[in-house]
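Have a look at the structure below before the remarks.
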Amino acid sequence: GESVGLHLPTLSVQEGDNSIINCAYSNSASDYFIWYKQESGKGPQFIIDIRSNMDKRQGQRVTVLLNKTVKHLSLQIAATQPGDSAVYFCAEIYQGAQKLVFGQGTRLTINP
Amino acid sequence: DAGITQSPRHKVTETGTPVTLRCHQTENHRYMYWYRQDPGHGLRLIHYSYGVKDTDKGEVSDGYSVSRSKTEDFLLTLESATSSQTSVYFCAIGAGASTGELFFGEGSRLTVL
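Protein sequence lines, in the order shown, are assigned to chains P and U.
Residue numbering for the first sequence follows my numbering, starting at 925 and increasing by one per position.
Residue numbering for the second sequence follows my numbering, starting at 24 and increasing by one per position.
Dropping the structure here:
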């Protein structure tokens, strides 16, 4: 698939455990952040977003945490399932811009 | 399915030849984007469009041009393909990056020999 061959940081977790994927963003002026999931052979898919006036946002089995002091973003996936295997990207948007800037990505693999 | 189609999905061409990739949407979204994805670089923005005939450059626009003559179509052209343009190209659509999610196509794998 399209994501095969990407030399990415890898996180391996046991099925059923919680996963935490981290991202350091670059621009202190960024005010909107999004996590995307990319399965092999497919385009990225929106998971969850958070704006800079928030510290935490929860979705279904996912939580995003934002620490603006150290410019750090994390994605927590609860009770990881085999279908969660994918590459996860964080993306940031500079204030007022209409362009997403993507991080390098993390490959999540699930051990049975 | 967000109503976005990329064509061709796979293409092999030779250095120096022109190549055009097409992104077609049925969602009537205002914004359309072209990204490329390469090992070690993630997704990088090439060009984007914020309306018919309105386009702007991204971070890796050299060697690429775009056109949008209709709301539904956004074309990416490599006037003279080089091996460094071997990549997977993704189109994305949305109401605006800062207003919510973008929907991505399935990607077009281009190999320049």
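Built from N, CA and C at the ideal position, the CB exists for glycine as well.
Practice task
Please confirm if the region 1023–1036 of chain P is in contact with the region 36–53 of chain U, defined as three or more CB-CB distances below 8 Å between the two stretches.
Solution key: no
Practice task
Could you tell me which residues DSSP puts in a beta bridge with Q938(P)?
Solution key: N1035(P)
Exercise for the section: Could you list which residues in chain P have their beta carbon closer than 9 Å to that of G86(U), in chain order? Expected result: Chain P residues near G86(U): none, gap ~19 Å exceeds 9 Å.
Practice task
Please name the residues in the region 56–69 of chain U whose beta-carbon is closer than 9 Å to at least one beta-carbon of chain P, in chain order.
Solution key: Y56, Y58, Q60, D61, P62, G63, H64, G65, L66, R67, L68
Exercise for the section: For the beta strand (DSSP E) containing L990(P), list its first residue and its last residue. Expected result: 986–991
Practice task
Give every residue of the same chain whose Cβ lies closer than 7 Å to the Cβ of F126(U), excluding the five residues on either side of it in the sequence, and list them in chain order.
Solution key: A25, I27, A115, I116, G117
Exercise for the section: Take every Cβ of the region 1007–1024 of chain P, pair it with every Cβ of the region 936–952 of chain P, and state whether three or more of those distances are shorter than 8 Å. Expected result: yes
Exercise for the section: Verify the CB distance criterion: does F1026(P) have a CB-CB separation below 8 Å to chain U? Expected result: yes
Problem - Own chain, CB closer than 7 Å to S936(P), minus 5 neighbours either side, in chain order - result: T1033, N1035
Handout entry: Within chain P, partners of E129(U) - CB distance below 9 Å
Key = E926, G965, K966, G967
Handout entry: Test: Q81(U) CB closer than 8 Å to a CB of chain P
Key = A quick correction: the sequence has Gly, not Gln, at residue 81(U). Interface residue, yes.
Practice task
Could you tell me which of V1025(P), I974(P), T1004(P), T934(P) sits nearest to G81(U), measuring between CA atoms?
Solution key: V1025(P)
Problem - chain U contact for I958(P) (CB, 8 Å cutoff) - result: yes
Exercise for the section: Could you work out which residues of chain U lie near Q938(P), taking near to mean beta carbons separated by less than 9 Å? Expected result: The contacting residues do not exist; Q938(P) stays about 27 Å from chain U at best.
Exercise for the section: Evaluate Q962(P) with the Cβ neighbour count: other Cβ atoms within 10 Å of its Cβ, from every protein chain shown; 16 or more gives buried, anything less gives exposed. Expected result: buried
Handout entry: Check whether H70(U) and D61(U) have beta carbons under 8 Å apart
Key = no
Problem - Top-ranked residue by Cα proximity to S952(P), from L997(P), A1010(P), T1004(P) - result: L997(P)
Practice task
Using DSSP bridges, identify the partner residues of K93(U).
Solution key: D96(U)
Exercise for the section: May I have the straight-line CA-CA distance separating E939(P) from Q1005(P), to the nearest angstrom? Expected result: 6 Å
Exercise for the section: Assign D1008(P) to one of three DSSP states: helix, strand, or coil. Expected result: helix
Practice task
State buried or exposed for H52(U), treating a residue as buried only when at least 16 other CB atoms are found within 10 Å of its CB.
Solution key: buried
Handout entry: Whether L133(U) touches K34(U) by CB criterion (8 Å)
Key = yes
Handout entry: chain U contact for Y1012(P) (CB, 8 Å cutoff)
Key = no
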